[in-house]
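Colleague: Under the working numbering, the first residue of the sequence shown is numbered 13, with each subsequent residue one higher.
From the three backbone atoms N, C-alpha and C, an ideal C-beta is built for every residue, glycine too.
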Amino acid sequence: MIMSETYITTATFANKKTLILDKSLPLAGRVRVTIEELPEKKPAPFLVKLNAIHQALANSNYQQRSKEIIDKQIHEERNSWGE
13 MIMSETYITT ATFANKKTLI LDKSLPLAGR VRVTIEELPE KKPAPFLVKL NAIHQALANS
73 NYQQRSKEII DKQIHEERNS WGE
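#1: Just confirm the distance between the C-beta atoms of residue 37 and residue 22, as a whole number of angstroms; I'd bet it's less than 8 angstroms.
#2: Would you mind giving the Cβ-Cβ distance between residue 33 and residue 25, rounded to the nearest angstrom? I have them listed as a contact below 8 angstroms.
#3: Could you pull out every residue in the same chain whose Cβ sits closer than 8 angstroms to the Cβ of residue 39, ignoring the five residues on either side in sequence?
#4: Measure the alpha-carbon distance for residue 73 versus residue 57 and round it to whole angstroms.
Shown next, in the form of structure tokens:
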């Protein structure tokens, strides 16, 4: 028996006979599939997600635009339209 390469990924059942893989695999044709049920991921509470977003923004040095900058950009855009 020739040993073939093994790929491990996760998937979700679309229906009772169809799996949607979480990543593409370089395969075609028939394959052997072994199924292992994974525990359900519990969604993080809203505030945990919100805090993670705020932390990611702080870590990225994101600078929120001021009203003055936004107004200036709108003015410049409208002036570029011509008449």
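Modeller: Result, derived from the coordinates:
#1: Contact annotation, residue 37 with residue 22: C-beta distance approximately 12 angstroms; criterion of less than 8 angstroms not satisfied.
#2: Not really, about 11 angstroms apart at Cβ, beyond 8 angstroms.
#3: 19.
#4: For residue 73 and residue 57, the distance between alpha carbons rounds to 25 angstroms.
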